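2 protein chains.
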Amino acid sequence: MSSTDTGAEDTDARPLRADARRNRERLLDAARVVFGENGSEAQMDDVAERAGLGVGTLYRHFPTKTALMAELVRQKVTVFAAHARTALEAPGDPFERLAAALRSCAEAVEEDAATRYAMGAGTEIWDAAADEHEQLMALFDALIARGRAAGVVRADLTAADIPMLMCGIATSIERGFDWRRHLELVLAGLR
Amino acid sequence: MSSTDTGAEDTDARPLRADARRNRERLLDAARVVFGENGSEAQMDDVAERAGLGVGTLYRHFPTKTALMAELVRQKVTVFAAHARTALEAPGDPFERLAAALRSCAEAVEEDAATRYAMGAGTEIWDAAADEHEQLMALFDALIARGRAAGVVRADLTAADIPMLMCGIATSIERGFDWRRHLELVLAGLR
DNA sequence: CACGATACGGAGCTAAAGTTCCGTTTGTCA
DNA sequence: TGACAAACGGAACTTTAGCTCCGTATCGTG
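Residue numbers (the numbering used here), protein chains in the order written: chain U, 1 to 191; chain L, 1 to 191.
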């Protein structure tokens, strides 16, 4: 993790000082751990402490808690996209490839409490990942199109159905249900 | 609404004074409205104000906010059970009757933000409705059994799958997705 | 090396929301 | 109707957690 490069996100693209860039990564790593342990009620102070930095520094990099979570989610969406791309390029039955993509995404959700929370909560956090999300949708579009062409996916399925269904799976993950079972039942409905 | 009688819930069953009983109902009605408007972040003060009563009175009847929500949920579970019972006793295709029960329950969830919240959140709130929940499960058991007997429901479906799937639907309702679509996709997987 | 800009630290501020406390009011029963 | 228990009201208390502020430290350039 902490691989995705942050690119230019300040409007005036001034390069971060070396220590600042290092600390930014530390903060994100710490946030992943702390959100993983405590869920969304993880506290900003804990994130800072875990990173071995002050809260002031945390707020310098992420102006609000929401912004911090949004960055975690943004990175996770790129992970989803990577899974979808892998599935798209793999050989084999189109339905199974779609299923594999969804399974991989669900596993990624299981590992990331911040994303899990974001999937159950408001849309604000997702807005920051609009670009990445659009790419992801395009990939699901392609996966579904192949499945439909092969006649192994229900004809009226669209990419827009996927986030809706996956948010349901995320709720099961969060609540400790047998989410693999949930996913299999849902997949059965997509044939 | 506000129909379900409260029965004896204090361990020492002493009858409530007339005004207290009336106020209790007012508070529950107000809570339904306020939770409906503001979701789970509705505030206790608002509930009291809406009921035309003081916060002290609210806390006399419901010792915590969780207790208040739990009572709303408990009543809603009896509504679920009523829907399930209606579906069970109706004539027609067993699968359609199961589907009808789930649709009715989803509509009931749509109307009740407190329940919606409870479905996405911790289990604590549900513990208070354990008895009602058990009855509901028995009804779903029966609905599924008939469907299986008729061969119109997948053989491995159990009543335990239903809350899991319905929590997913509740998330869609909460997030403003097209939950009817979500439900139809899920139903397709239960055949 | 020095100097200005950038970044850091962490005590403390602030606001929000659940809850309590106790003086006042109201119902109930003899 | 009088007296007592039950119930009410709502100002104030108590967290709690996000966030700010500004003095200090560090980086990078000429």
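Even for Gly, the Cβ is constructed at its ideal location relative to N, Cα and C.
The model shown is predicted, which means the values in this text are computed figures rather than measured ones.
Delimiting residues of the alpha helix (DSSP H) encompassing residue i
| i | result |
| --- | --- |
| F80 (chain U) | 65-89 |
| D46 (chain L) | 44-50 |
| P163 (chain L) | 161-175 |
| E107 (chain U) | 94-110 |
| F62 (chain L) | First-last for F62 (chain L): undefined, no H or E at that position. |
| L53 (chain U) | No alpha helix (DSSP H) contains L53 (chain U), which DSSP labels as neither H nor E. |
| L190 (chain U) | From DSSP, L190 (chain U) is part of no alpha helix (DSSP H); its letter is neither H nor E. |
| T115 (chain U) | 113-120 |
| A155 (chain U) | Where A155 (chain U) is concerned, there is no enclosing alpha helix (DSSP H), given that its DSSP letter is neither H nor E. |
| R146 (chain U) | 130-149 |
Residue i versus residue j - alpha carbon distance
| i | j | result |
| --- | --- | --- |
| R181 (chain U) | R21 (chain L) | 45 angstroms |
| A159 (chain L) | P15 (chain L) | 37 angstroms |
| F95 (chain L) | I125 (chain L) | 31 angstroms |
| S40 (chain U) | R32 (chain U) | 11 angstroms |
| A42 (chain U) | E89 (chain U) | 38 angstroms |
| L102 (chain L) | M44 (chain L) | 31 angstroms |
| C105 (chain U) | G176 (chain U) | 17 angstroms |
| L58 (chain U) | L98 (chain U) | 39 angstroms |
| V47 (chain L) | L139 (chain L) | 34 angstroms |
| A113 (chain L) | V34 (chain L) | 9 angstroms |
| E110 (chain U) | I173 (chain U) | 6 angstroms |
| L27 (chain L) | A128 (chain L) | 18 angstroms |
| T194 (chain L) | D93 (chain U) | This structure cannot settle anything about residue 194 (chain L), because the visible part of chain L is limited to 1 through 191. |
| A190 (chain U) | D19 (chain U) | According to the sequence displayed, residue 190 (chain U) carries Leu and not Ala. Going by the C-alpha atoms only, they are around 49 angstroms apart. |
| G122 (chain U) | L143 (chain U) | 27 angstroms |
| T86 (chain L) | V79 (chain L) | 11 angstroms |
| G36 (chain L) | G168 (chain U) | 21 angstroms |
| M1 (chain U) | A84 (chain U) | With a pLDDT of only 38 at M1 (chain U), under 50, the local geometry of the prediction cannot be trusted, and the value read off the model is given with reservation. In a straight line, the C-alpha of M1 (chain U) is about 18 angstroms away from that of A84 (chain U). |
| G54 (chain L) | F62 (chain L) | 13 angstroms |
Under 9 angstroms from the C-beta of residue i: neighbouring residues of chain U
| i | result |
| --- | --- |
| M169 (chain L) | With the sequence shown as reference, residue 169 (chain L) is identified as Ile, and Met is not the correct amino acid for it. G168, listed in chain order. |
Listed by chain order, chain L residues near residue i by CB distance under 9 angstroms
| i | result |
| --- | --- |
| L194 (chain U) | With chain U running from 1 to 191 in the structure shown, residue 194 (chain U) is simply not present. |
| F35 (chain U) | The contacting residues do not exist; F35 (chain U) stays about 17 angstroms from chain L at best. |
Contacts of residue i in chain U (Cβ-Cβ under 8 angstroms)
| i | result |
| --- | --- |
| L102 (chain L) | Residues of chain U passing the Cβ test: none, with the nearest at roughly 13 angstroms. |
| F80 (chain L) | Ordered by position in chain U, no residue passes the 8 angstroms Cβ test against F80 (chain L), which lies about 17 angstroms from the chain. |
Chain L contact residues for residue i, given Cβ-Cβ distances below 7 angstroms
| i | result |
| --- | --- |
| F95 (chain U) | What F95 (chain U) touches in chain L: nothing, since even the nearest Cβ is about 13 angstroms away. |
| G120 (chain U) | G120, T171 |
Listed by chain order, chain U residues near residue i by CB distance under 7 angstroms
| i | result |
| --- | --- |
| S172 (chain L) | M164, C167, G168 |
Handout entry: Sufficient close CB pairs (3 or more, under 8 angstroms) joining the stretch 108-121 of chain L to the stretch 132-149 of chain L
Key = no
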